[in-house]
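Visitor:
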Amino acid sequence: MVAIAFYSITGQTKKFVVKTGLKAHEITDDFPQHEMKEKYVLITPSYQDFMMDSLVDFLNYKDNKKNLIGLIGCGNRNFNDLFAQTAKKLSVTLKVPILYLLEFSGTSTDVKNVRNIMEKLSGGKDTQKVEKPKELRGKISFLSDYR
Ligand SMILES: Cc1cc2nc3c(=O)[nH]c(=O)nc-3n(C[C@H](O)[C@H](O)[C@H](O)COP(=O)(O)O)c2cc1C
Numbered sequence: 363m364v365a366i367a368f369y370s371i372t373g374q375t376k377k378f379v380v381k382t383g384l385k386a387h388e389i390t391d392d393f394p395q396h397e398m399k400e401k402y403v404l405i406t407p408s409y410q411d412f413m414m415d416s417l418v419d420f421l422n423y424k425d426n427k428k429n430l431i432g433l434i435g436c437g438n439r440n441f442n443d444l445f446a447q448t449a450k451k452l453s454v455t456l457k458v459p460i461l462y463l464l465e466f467s468g469t470s471t472d473v474k475n476v477r478n479i480m481e482k483l484s485g486g487k488d489t490q491k492v493e494k495p496k497e498l499r500g501k502i503s504f505l506s507d508y509r
């Protein structure tokens, strides 16, 4: 089994996770230090770094960085180059692949695609073999993303 952890500030990411029907741990501001004892995927919205202290506390707890195998980034494409900036930054700093990107609480297609990804991972498929978002495939320009 591959577990899921998610963070949500205004509730959109939580709404998405609920729509997938998948079991997931919610990272909270009151108690971010929760140990993920198995491999997991992190579903994260995108904000400026200073708003992500709870997420950082969670990742720094025990083996939570080590057990993280993939990222699903939520955001808003109106942010252009900064779309899904949190997932992109985590991907680079922790060397973990982004498996999927979506906006707000996701569409029914996003729900289907993410369920499919989690099914493949739980069936033992490597994260490198799971289809990556088209807009990232082989052409992330981080200078452009973070200018
Ligand atoms: C103050 C603020 C900053 C945001 N910054 C970004 C951003 O840099 N990149 C992005 O893709 N979306 C950004 N968003 C959009 C949110 O990531 C998006 O609405 C997301 O679905 C919110 O998830 P949540 O409701 O689970 O917190 C921002 C939203 C707010 C309110």
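Per my numbering: the sequence shown = residues 363 to 509.
Cβ atoms here follow ideal geometry from the backbone N, Cα and C, with glycine treated the same way.
Determine the burial state of residue 506: buried for a count of at least 16 other Cβ atoms within 10 Å of its Cβ, exposed for fewer.
Guide: As a working note, residue 506 is residue 144 in the sequence shown. Residue placement at residue 506 cannot be trusted, given a pLDDT of 49 that sits under 50; the coordinates are not used to answer.
Visitor: Between residue 436 and the rest of its own chain, which residues show a CB-CB distance below 6 Å, the 5 nearest in sequence each way excluded?
Guide: For the purposes of this step, residue 436 is identified with residue 74 of the sequence shown, where counting begins at 1. Counting only residues of its own chain and dropping the five nearest sequence neighbours on each side, residue 436 has a CB closer than 6 Å to the CB of 375, 407 and 464.
Visitor: Measure the CB-CB distance between residue 486 and residue 459 and report whether it falls below 7 Å.
Guide: Start at 1 with the first residue of the sequence shown, and residue 486 comes out as number 124. Start at 1 with the first residue of the sequence shown, and residue 459 comes out as number 97. Their beta carbons are not under 7 Å apart, which means residue 486 does not touch residue 459 by this criterion.
Visitor: Where does the unbroken beta strand (DSSP E) through residue 400 begin, and where does it stop?
Guide: What you label residue 400 is simply residue 38 of the sequence shown in a count that begins at 1. That residue, residue 400, is in no beta strand (DSSP E); it is neither H nor E in DSSP.
Visitor: Under 8 Å: do the segment 469 to 478 and the segment 365 to 385 share three or more Cβ pairs, one atom per stretch?
Guide: Of all C-beta pairs linking the segment 469 to 478 to the segment 365 to 385, three or more are shorter than 8 Å, placing the two stretches in contact.
Visitor: At the level of alpha carbons, what is the spacing between residue 426 and residue 420?
Guide: The count along the sequence shown starts at 1 and reaches residue 426 at position 64. The count along the sequence shown starts at 1 and reaches residue 420 at position 58. Here the alpha carbons of residue 420 and residue 426 stand approximately 7 Å from one another.
Visitor: Thinking just about the alpha-carbon of each residue, which of 468, 477, 484 and 446 is nearest to the one in residue 497?
Guide: Looking up residue 497 in the sequence shown gives position 135. When each option's Cα is compared against that of residue 497, the closest is 446.
Visitor: Mark residue 403 as exposed unless 16 or more other C-beta atoms lie within 10 angstroms of its C-beta, in which case mark it buried.
Guide: Counting from one through the sequence shown, the residue named residue 403 turns up at place 41. Looking at its Cβ environment, which holds 16 or more other Cβ atoms inside 10 Å, residue 403 is buried.
Visitor: Going by DSSP, what residue range makes up the beta strand (DSSP E) through residue 479?
Guide: In the sequence shown, counting from the first residue as 1, residue 479 sits at position 117. Segment 470 to 484 is the alpha helix (DSSP H) holding residue 479; no beta strand (DSSP E) there.
Visitor: Check whether the Cβ of residue 371 sits closer than 6 Å to any heavy atom of ligand 1, and report yes or no.
Guide: Working through the sequence shown from its first residue, we reach residue 371 at position 9. Under cutoff, so the answer is yes.
Visitor: Once DSSP output is grouped into helix, strand and coil, what is the label at residue 506?
Guide: Within the sequence shown, numbered from 1, the residue matching residue 506 stands at position 144. With a pLDDT of 49 at residue 506, under the threshold of 50, the modelled position of this residue cannot be trusted; read the value that follows with caution. Helix.
Visitor: Residue range of the alpha helix (DSSP H) that residue 421 falls in?
Guide: Here residue 421 is taken as the residue at index 59 of the sequence shown, counted from 1. 415 to 421 is the span of the alpha helix (DSSP H), which, as asked, contains residue 421.
Visitor: Please list the terminal residues of the continuous beta strand (DSSP E) segment that includes residue 464.
Guide: One-based indexing of the sequence shown puts residue 464 at position 102. Residues 460 to 465.
Visitor: So what does DSSP say about residue 372, is it helix, strand or coil?
Guide: Within the sequence shown, residue 372 is the residue found at index 10, counting from 1. Of the three classes helix, strand and coil, the one that applies to residue 372 here is coil, per DSSP.
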